[in-house]
Amino acid sequence: MAATDSSGNTDPTTATHTWSVEQDTTPPQTTITSAPPSTTSSTSASFSFSSSEAGSSFTCSVDGAPAQACTSPTAYSGLSAGSHTFSVAATDGAGNTDPTPATHTWTAGATTVVFSDNFSSGGFTAGGWQVQATNGGTATVVSGAVLPGDLGARLTSTSAEGSTASIRKSLGSRTSLTLEWDARVVSASSSQSFNLAKIYGSNGRVLSLVRSGSSGALSVQDTATTVAAGASVPTGQVVRLRLSVTNGTAGSVRLSVNGTEVFSRTMNLGTAALNSVRMGDDAKRRTLDYRVDNVVVTTP
Ligand SMILES: [Ca+2]
Ligand SMILES: [Ca+2]
């Protein structure tokens, strides 16, 4: 700084003053203040968090994804079932980022197995199946039904009058259930569709998974409509199917094939409790040889 007097003379010795500011080099500490429980059936999660330094900003990440700016609370939805880790790091006003982000690990989409059968008992009795096989239709447990050397269910029926084969399992009253199984269609009439599985409520059938005889294409049928599922079960192939339903007039139906979701839609499943599943078709005169194994039913 230099002063100039009223005559225009500038002070030849510029006055200087040196000072220092306490520079902030201390990173903030991040704390998660609310998070999901360690195990939950929900596939959504919300987190609240705070910083030891006022005025901090935050970045968040789930499962190691690139961190993104976030504010508290931050919510996630549509998480896959299984273990996830959330991490959040505060950055203070001076740009110091917490080198040890706060983390929370939890299990989303946890389910309870209400029924499973791999048919290793050699029959249908142990699983509590009700067997319907009439007029040349057969329901048997045989080795190699689906996988080589492994016991599974084989359902066959013919074009004969009254011929049918299916197995049905009661499950108690459920609002939501997920039915998974290994399916293999060894042969089926190209001119007939048939039901790979049906789900029932206490007022009757609410949902069918239908396979087209000509193409193997799948469709989902509620009490009123049939919708293409965008997937197929080709003859001879082993396909893991997963059908998740929640009842209601605006119920939820989701279908996965070999672990990939192919169909998700609101459908009318009625309001009655879901109470049983049928593998195979109780319609008659269907010419088919259909195999089923590793049936698992879970609830949220
Ligand atoms: Ca600081
Ligand atoms: Ca088996």
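All the letters of the sequence shown, read from the start, carry residue numbers 34 to 333 under our numbering.
Don't be surprised by glycine CBs; every beta carbon is placed ideally from N, CA and C.
Given the structure is predicted, the values throughout are model-derived calculations rather than measurements.
Taking 7 Å as the cut-off, the C-beta of E55 does not count as close to any heavy atom of ligand 1. Within the same chain, and ignoring the five residues on either side of E294 in sequence, the residues whose Cβ sits closer than 8 Å to its Cβ are R287 and L288.
Taking C-beta separations shorter than 8 Å and ignoring five residues to either side along the sequence, the partners of A250 in its chain run R244, A261, A262, A264 and S265, following chain order. Under the criterion of beta carbons closer than 8 Å, F80 and H117 do not qualify as touching, at roughly 11 Å. Counting only the Cα atoms, T171 lies some 15 Å from L229. When the five nearest sequence neighbours on each side are left out, the beta carbons in the same chain lying within less than 8 Å of the beta carbon of A257 are those of N301, in order along the chain.
By alpha-carbon distance to L307, the top candidate from S89, G234 and T259 is G234.
The three-state secondary structure of W214, taken from DSSP, is strand. Proximity annotation: ligand 2 has residues N151, F152, D183, L184, G185 and D326 in chain order, each selected because its CB is closer than 5 Å to a heavy atom of the ligand.
Ligand 1 never approaches A98 closely enough for any of its heavy atoms to be under 7 Å from the residue's Cβ. Apart from the 5 residues on each side of it in sequence, K231 sits with its Cβ closer than 6 Å to the Cβ of R238, S241 and R311 in its chain, given in chain order. Counting the other Cβ atoms within 10 Å of the Cβ of T124 gives 16 or more, which makes it buried.
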